[in-house]
Ligand code: ADP
Ligand code: MG
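Numbering (this note's numbering), first residue to last: 2 to 607.
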């Protein structure tokens with residue numbers, strides 16, 4: 002039998018490598034932006050069309066390349082960032098594998114223009130499917146421009162695998178932000194289909210975060226800073242009351258590189274402990290500087306995972322730093338841009354680093370304790386969980402009461418509405434009579450069900466009652482939220498919202514459903530957007546149903562909120578008019594009842 006093994010031609014080898022490195026337009030964007038950062042650019046301009054599927058260009062004012070380097074840059078394993086194996090463990094650049102440009106050129110049509118700062122002319126190279134089409138001198142500004150056309154034009158399987166433009170655009174935004182956030186010293190712009198999406202001037206980290214996610218983030222951020230010989234930590238965590246229901250803004254940057262790390266994420270979440278409402282995720286932007294010899298970045302082709310020499314001390318230091326920051330925040334006045342550096346945090350110095358840095362933070366200390374006393378006047382989510390917890394504890398001894406099988410209460414007939422006894426228990430449950438039974442009504446669950454059925458009814462007879470805003474409210478959102486809201490704006494009309502585009506990342510709110518509390522409009526829209534932030538495309542019917550649910554859950558009164566006698570009566574009346582008043586649309590119990598017979602049994606008179 003003849004020998005059958007042969008070496009693959011470069012073009013095929015590159016295409017195979019591209020499969021790992023370039024999965025979608027966003028991965029190409031990441032590689033090009035990282036090259037621009039490595040080239041010491043101070044301004045990076047990104048232009049894309051159709052989420053990068055047809056066109057993606059990154060222009061920088063960095064060092065540029067010579068004619069020979071320009072040609073070499075497309076070879077596989079060609080890099081200027083590494084020459085010996087040892088250097089792999091002192092990497093300070095984003096790139097080092099020398100395969101990005103080769104991979105991109107294997108699966109797209111690429112035009113490179115580059116010019117060194119001390120040269121009069123530059124070089125232009127056109128390369129398609131790893132074949133150089135042309136190379137010539139050209140006039141071009143200092144720095145480098147790489148334009149990619151028709152990604153995967155020669156790999157139909159990959160091209161067909163790409164998702165819809167909105168989904169791919171979300172990936173683009175995500176990768177853009179991951180590079181732009183840790184580099185506030187560089188200006189960035191992003192244009193999509195001719196529209197300017199981002200224009201980020203040179204600034205500091207706090208300002209960069211606000212420029213990306215919206216100026217309302219300023220008040221949400223608590224600075225974190227910790228210097229040890231193992232790791233230096235800077236950055237911000239979000240105040241607990243702004244925690245999100247979806248895993249949203251969670252960013253670790255290790256040596257300015259975005260990294261995914263479940264272990265470190267655990268350290269941060271753990272530091273928040275009971276401060277976070279159940280099922281919510283903290284926001285954080287944390288920059289860790291670690292000696293490159295103590296980590297291995299070369300374990301994943303896209304370099305988003307990392308291996309630590311010893312991760313335990315990093316976990317401990319990170320957790321302590323976040324706790325300390327939260328403790329400080331509870332006594333610190335409102336923070337603004339100027340105060341970014343104002344905290345006096347001791348530095349751990351010396352040969353050996355304490356494994357568990359000493360912190361003077363009482364883990365049981367809850368900065369919200371003070372507010373708790375003002376029984377739910379202005380309710381924030383953190384108080385809510387605490388309330389829920391405490392309520393749960395208090396109710397425990399009477400467990401039997403709850404575990405009694407709930408009696409199904411017959412639909413309330415309109416004739417029986419003369420109950421006047423309503424007492425609010427623990428600021429959360431309404432104690433009243435219903436059909437000769439003593440009942441406890443979960444005020445939040447009840448209101449959710451009332452609002453839900455109201456919303457569904459509005460859908461069926463398009464009868465939404467809205468209130469016009471006297472002064473239209475302008476709502477500024479992050480770019481991502483803006484796009485998410487744009488997608489549901491039409492649907493929200495059905496429910497009585499009148500929202501119109503108002504230029505860059507902003508909407509004008511002309512009307513809201515009548516039951517939305519004044520001043521809570523913006524908050525409610527943000528919550529709605531959060532619920533829709535999953536990026537999954539659903540059909541119109543599902544969208545309406547989901548909006549009805551989300552609105553009901555977000556706009557309802559919450560546990561811990563004091564209700565007047567009149568509010569309790571209206572809520573109970575509305576509840577008993579609902580089609581389902583024992584359970585909410587998502588299966589939560591609304592009512593616990595106790596009949597006279599049961600009372601007698603409990604007092605053992607039988
Ligand atoms: P790597 O970044 O891992 O070195 P790439 O394939 O991304 O590999 O790039 C190959 C080389 O091309 C880089 O090492 C760098 O010398 C050069 N290069 C790429 N992009 C740029 C740029 N925007 N400006 C200057 N040089 C660049
Ligand atoms: Mg690179």
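Cβ atoms here follow ideal geometry from the backbone N, Cα and C, with glycine treated the same way. None of these values were measured; they are calculated from a predicted model.
Inset, instruction - Could you check how far apart the C-beta atoms of residue 495 and residue 460 are, in whole angstroms? I think they sit under 8 Å. - result: At roughly 6 Å, the Cβ-Cβ gap stays under 8 Å, so residue 495 and residue 460 are in contact.
Legend entry - Anticipated Cβ contact below 8 Å, residue 512 with residue 499, distance rounded: Between residue 512 and residue 499 the beta-carbon gap is near 4 Å, inside 8 Å, which marks them as a contact.
Inset, instruction - From the DSSP output, in three-state form, read off residue 214 for me. - result: The answer is helix: DSSP assigns residue 214 an H, G or I state.
Legend entry - Residues that DSSP places opposite residue 200 in a beta bridge: Under the DSSP definition of a beta bridge, residue 200 partners with 190.
Legend entry - residue 147 versus residue 14 - alpha carbon distance: Between residue 147 and residue 14, the C-alpha separation is close to 22 Å.
Inset, instruction - Could you check the C-alpha separation between residue 305 and residue 50 for me, to the nearest Å? - result: One C-alpha to the other measures close to 26 Å.
Legend entry - Closer than 8 Å: residue 21 CB and nearest ligand 2 heavy atom: No, the beta carbon of residue 21 sits no closer than 8 Å to any heavy atom of ligand 2.
Inset, instruction - For residue 108, count neighbouring Cβ atoms within 10 angstroms of its own Cβ and tell me buried if that reaches 16, exposed if not. - result: Under this definition residue 108 is a buried residue.
Inset, instruction - Mind listing which residues have their beta carbon within less than 6 Å of any non-hydrogen atom of ligand 2? Chain order is fine. - result: This criterion selects 32, 35, 36, 96, 101.
Legend entry - Meets three-Cβ-pair contact criterion under 8 Å: the region 55 to 64 and the region 141 to 160: For the pair of segments examined, the region 55 to 64 was found to touch the region 141 to 160: the number of CB pairs separated by less than 8 Å reaches three.
Legend entry - Proximal residues to residue 380 (C-beta, below 8 Å), its chain only, five neighbours per side dropped: Note that residue 380 scores a pLDDT of 30, beneath 50, so its modelled location is shaky and nothing firm can be said.
Inset, instruction - With DSSP as the reference, label residue 139 as helix, strand or coil. - result: DSSP places residue 139 within a strand segment (E or B) once states are collapsed to three.
Legend entry - Three-pair Cβ contact test at 8 Å for the region 304 to 319 versus the region 275 to 286: They do not touch, by the three-pair rule.
Legend entry - Buried or exposed (CB count within 10 angstroms, at least 16 for buried), residue 132: Residue 132 should be labelled exposed.
Inset, instruction - Given a cut-off of 9 Å, decide if residue 264 and residue 1 are closer than it, judged by their beta-carbon atoms. - result: Because residue 1 is not part of the residues shown, which for the chain are 2 to 607, the question remains open.
Inset, instruction - Would you check if the distance between the CB atom of residue 71 and the CB atom of residue 122 is smaller than 9 Å? - result: Not in contact: residue 71 and residue 122 (Cβ atoms no closer than 9 Å).
Legend entry - residue 239 burial status per 10 Å Cβ neighbour count (16 or more: buried): Buried: at least 16 other Cβ atoms inside 10 Å.
Legend entry - Exposure label - residue 455; buried when at least 16 CB within 10 Å: With 16 or more other Cβ atoms within 10 Å, it is buried.
Inset, instruction - Leaving out five residues on either side along the sequence, give the residues of the same chain with a beta carbon under 8 Å from the beta carbon of residue 474. - result: In the same chain as residue 474, and ignoring 5 residues on each side of it, the C-beta atoms closer than 8 Å to its own belong to 509, 510, 522, 523, in chain order.
Legend entry - DSSP state of residue 596 mapped onto helix, strand, coil: DSSP places residue 596 in coil when its eight states are reduced to three.
Inset, instruction - Determine the closest residue to residue 466 out of 481, 515, 436, 435, with distance taken between C-alpha atoms. - result: Minimum Cα distance to residue 466 is reached at 515.
Legend entry - Within 9 Å, strictly: CB atoms of residue 199 and residue 126: Cβ distance not < 9 Å, so residue 199 and residue 126 don't count as in contact.
Legend entry - Per DSSP, cross-strand counterpart(s) of residue 502: Looking at the DSSP assignment, residue 502 forms a beta bridge with 508.
Legend entry - Burial state of residue 393 (16 or more Cβ within 10 Å): Residue confidence is low: residue 393 scores 36 on pLDDT, short of 50, so the model does not pin down where it sits. Its coordinate-derived value is still stated next. The residue in question, residue 393, is exposed, as its Cβ has fewer than 16 Cβ neighbours within 10 Å.
Inset, instruction - Go ahead and pull the three-state DSSP assignment for residue 355. - result: Unreliable positioning characterises residue 355 in this predicted model, as indicated by a pLDDT of 36, which lies under 50. A coordinate reading is not provided.
Legend entry - residue 253: first and last residue of the uninterrupted beta strand (DSSP E) it sits in: Taken as a continuous stretch (DSSP letters only), the beta strand (DSSP E) holding residue 253 covers 251 to 255.
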